[in-house]
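Using the numbering used here, read the sequence shown as starting at -8 and increasing by one per residue.
The structure under discussion appears below in the form of C-alpha cells.
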Amino acid sequence: MKNIIVPPLKIQGIKTKLIDFIRDNIQINNNITWIEPFLGSGSVAFNLAPKKALLSDSNPHIINLYKSIQNNKLTPEEIADHLKIEGNELAQKGESHYYQIRKRFNQDKNAKDFVFLNRCCFNGLIRFNKKGEFNVPFCKKNDRFRKALITKIYNQFVAVRERILLSEWDFVCQSWEETLINTNSNSFTYLDPPYVGRHTDYYSSWDEKDAHKMISAIEKLKGGYALSMWFENRYRKNLYLQNFEKFASFRYFSHFYHLGGSEQNRNKMIEALVIHPDYVKQNLLKNDLNSLVDIEFNNHISA
C-alpha cells in the first residue's frame, strides 16, 4: 500500500479510503491525459498522479483554490497563518466569528476563508444555496483550530502543492458536459458524480435526468473511463448501474459508510467501479461480488 495523500478539503463522497481499490483496478499508462469532470476534493488525481490532466468541477471555489496554489498565489504558509489568526478569534468569540467569516466569504470569495469554513463547519460539508452562498452551519467547536490540526492541514497543502507543481494539470470550472468534449483516444476519464439514489448536495443542480444523460455520454466516450458509484447496501441495490452491464466491466469494494453523527447511520456499503473493458487491470484476486473482503472503517477520515 502506497502512502495516501489526504486532500486539505473535506468533501462529502471523498474517495481517500478507496484509493488503493481504484488504483489496483484501472490499467493506464503515463502517456494518457487524465480527465475528471467531477474533481471534488481531488483525492483520486492527487494519488494516481497522472502527468497530464484536465481537472474540472462546477464549484468555482474548489477550482480557484487549486489554481491559486498552482499559480503560487497561495502558499501553505499563508493558509496556516490564516487558520491560526481566525482560529484564535473563533476560540474567543465562538460561532459569531464563524458566521462573520461565512458572510465575508459569500461577499469576497476568498480562498483562505473557504478553507477555514470547510474545516470548522458542521460535518465537514460543502453546501451552497440557490444564490451560490455557502450556508453550512457552525460545528459548535470553538477550539477547532488547535496547533495539531493547523499543522496537519499545512502538511496536506504541502503534499498537494508538490503534486500540482510537478504535473501538467489544467484546473477548469465548467460543466461535466463541457469537460467530456475534450476526451480522445489518448485520454482516460474518471467520473465521480453525485451518487444516484442517495442524498447529495452539489454546487450546481444534479438530478435523475442528469444521471441518465450521463449514461449515453459515457457509452460514447473516446478513450477509457471509470465510473465510481454505490452498488448496494443492506436496504437496496442501485438499479441505475444496470444500464452499464452490457458495455462495461465491474469491480466491487465493501466498506462502511458513515453519514452523520450517530452510530445508526453507519452501514455496510458496496461500492462499484464501472470500467471500460479495455482498461481493467487483471488482478490475481478479482474484485467481484463473490470475492469481496469486508473492511470496516471505524471512523471518518480523521479531522
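Even for Gly, the Cβ is constructed at its ideal location relative to N, Cα and C.
Which listed residue (the options) has its alpha carbon closest to that of residue i
| i | options | result |
| --- | --- | --- |
| A71 | F241, R110 and E159 | R110 |
| D48 | F37, N63, F29 and L65 | F29 |
| P(-1) | K204, G33 and D11 | G33 |
| A295 | I23, I53 and Y57 | Lying before the first or after the last residue shown, residue 295 is absent from the chain, which here runs from -8 to 294. |
| Q233 | K6, Y226, W221 and F244 | W221 |
| I206 | Y231, L264, G215 and W197 | Y231 |
| L108 | E236, H88 and L264 | H88 |
| K122 | L39, F136 and N97 | N97 |
| I209 | D198, T180 and I13 | T180 |
| H203 | Y186, D99 and A217 | Y186 |
| P51 | F119, P67 and V35 | F119 |
| E236 | Y226, I266, F105 and S245 | I266 |
| R152 | L212, S219 and L65 | L65 |
| R93 | I10, F125 and Q273 | F125 |
Helix, strand or coil at residue i according to DSSP, with G and I counted as helix
| i | result |
| --- | --- |
| L156 | helix |
| G78 | helix |
| H267 | coil |
| E69 | helix |
| D47 | The amino acid occupying residue 47 in the given sequence is Ser; Asp does not appear at that position. The answer is strand: DSSP assigns S47 an E or B state. |
| E124 | coil |
| C112 | strand |
| F129 | strand |
| F37 | helix |
| F136 | coil |
| T174 | coil |
| I(-5) | coil |
| L295 | The question about residue 295 has no answer, for the chain in this structure spans -8 to 294. |
Exposed unless 16 or more other CB atoms sit within 10 angstroms - verdict on residue i
| i | result |
| --- | --- |
| T142 | exposed |
| P268 | exposed |
| Y145 | buried |
| G252 | Model confidence at G252 stands at a pLDDT of 45, short of 50, so the residue's coordinates are unreliable; what they give is reported in the following sentence. With fewer than 16 Cβ atoms within 10 Å of its Cβ, G252 is classed as exposed. |
| I5 | buried |
| T191 | Annotation note: pLDDT 47 at T191 (below 50); position unreliable, no value reported. |
| Q3 | buried |
| E77 | buried |
| N(-6) | exposed |
| F238 | exposed |
| N38 | buried |
| I172 | exposed |
| D104 | buried |
| D183 | buried |
| F113 | exposed |
Cross-strand partners of residue i (DSSP beta bridge)
| i | result |
| --- | --- |
| T180 | I26 and Y216 |
| S32 | Note: S32 sits in no beta bridge, so no partner. |
| R299 | In the structure as shown, the chain starts at -8 and stops at 294, and residue 299 therefore has no counterpart that could be examined. |
| V163 | S47 |
| I228 | Rather than Ile, the amino acid found at residue 228 in this sequence is Lys. In the DSSP output, where bridge partners are listed per residue, K228 has E223. |
| I17 | V271 |
| F119 | F125 |
Contact between the stretch 53 to 61 and the stretch 151 to 168 (3+ Cβ pairs under 8 Å): yes
Contact between the stretch 125 to 143 and the stretch 168 to 183 (3+ Cβ pairs under 8 Å): no
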